[in-house]
Ligand SMILES: [Zn+2]
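Residue numbers (the working numbering): 227 to 462.
Following this line, the structure appears as structure tokens:
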């Protein structure tokens with residue numbers, strides 16, 4: 227009886243292994259990590275979408291500032307020429323003065339354009355900064371979730387490893403033929419492929435065995451009978 231009884235232990239450990247594998251596949255920590263990663267990806271995309279127009283406007287701002295600087299430098303140099311004494315003809319002096327006025331008007335227009343751009347950029351900068359802060363927080367949460375998942379996996383895997391070792395030891399005690407019958411029947415009948423005979427009843431179903439049959443198998447050497455009703459292996 228001891229040999230065959232070990233089959234019940236094998237079955238129990240197989241059930242435990244199945245439950246542990248299921249736990250490993252459905253760890254709540256994995257769902258938390260998946261959600262954290264999805265949030266990081268969404269914020270990343272949103273950030274890229276908002277940062278691009280900001281960069282575009284900033285480029286335009288630098289271009290106009292550069293143009294305005296060039297115009298101011300030209301006006302300054304014309305101004306120096308005006309007062310250098312090198313030019314004496316009235317007509318030419320007037321022409322230089324008009325040129326300086328025109329350059330100053332143009333640079334004032336460009337300064338105006340830069341101010342308008344800065345007003346467009348300001349809210350973008352704020353919203354990009356706010357998004358960046360949210361992304362940083364989401365990345366930290368994803369890191370924490372990664373660690374939590376790894377810890378949970380290590381714990382379940384340790385249990386799984388111990389169970390597999392126990393199962394191997396228990397299976398070593400079961401006659402090979404009984405183990406093979408169990409393995410063949412388990413896919414249809416797990417988690418209760420092997421059951422005990424309780425009184426004259428198969429433990430797996432309400433079916434009563436004929437008293438004569440029960441009496442007969444009770445006097446036989448320990449073995450596995452097959453329940454006519456449910457097909458389970460009945461240990462007696
Ligand atoms: Zn049965």
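Don't be surprised by glycine CBs; every beta carbon is placed ideally from N, CA and C.
All values derive from a computational prediction rather than experimental measurement.
{"Query": "Would DSSP call residue 268 helix, strand or coil?", "Result": "helix"}
{"Query": "Confirm the yes/no value for this check: CB of residue 430, any heavy atom of ligand 1, distance under 7 Å.", "Result": "yes"}
{"Query": "Helix or strand or just coil, what does DSSP make of residue 452?", "Result": "strand"}
{"Query": "Look at residue 243 and residue 393 and say whether their C-beta atoms are less than 8 Å apart.", "Result": "yes"}
{"Query": "What's the call for residue 266, buried or exposed, on a 16-neighbour Cβ count within 10 Å?", "Result": "buried"}
{"Query": "Excluding the five sequence neighbours on either side, which residues of its own chain have a C-beta within less than 7 Å of the C-beta of residue 371, listed in chain order?", "Result": "255, 258, 259, 262"}
{"Query": "What's the gap between the Cα of residue 273 and the Cα of residue 375?", "Result": "27 Å"}
{"Query": "Is the CB of residue 406 under 8 Å away from at least one CB in chain D?", "Result": "The chain labelled as chain D is not found in the depicted structure, where only one protein chain is given."}
{"Query": "Look at residue 389 and residue 239 and say whether their C-beta atoms are less than 8 Å apart.", "Result": "yes"}
{"Query": "Report the rounded CA-to-CA distance for residue 227 versus residue 368, giving the unit in angstroms.", "Result": "Confidence at residue 227 is low in this model, with a pLDDT of 44, below 50, so the placement of that residue is unreliable and no value is reported for it."}
{"Query": "Kindly list the residues whose CB is nearer than 6 Å to the CB of residue 379, restricted to its own chain and excluding five residues on each side of it in sequence; keep chain order.", "Result": "none"}
{"Query": "Would you kindly check if the distance between the Cβ of residue 460 and the Cβ of residue 450 is under 8 Å?", "Result": "yes"}
{"Query": "Cβ atoms of residue 440 and residue 426: under 8 Å apart, would you say?", "Result": "yes"}
{"Query": "Report the three-state DSSP secondary structure of residue 447 (helix, strand or coil).", "Result": "coil"}
{"Query": "So, residue 448 versus residue 230, is the Cβ gap smaller than 8 Å?", "Result": "yes"}
{"Query": "My assumption, with CB atoms under 8 Å, is that residue 232 sits in contact with residue 400. Please give the rounded CB distance.", "Result": "5 Å"}
{"Query": "Does residue 253 come out as helix, strand or coil in the three-state DSSP assignment?", "Result": "coil"}
{"Query": "Out of 285, 313, 295, point me to the one whose CA is closest to residue 329's CA.", "Result": "295"}
{"Query": "Helix, strand or coil for residue 230? Go by DSSP, reduced to three states.", "Result": "helix"}
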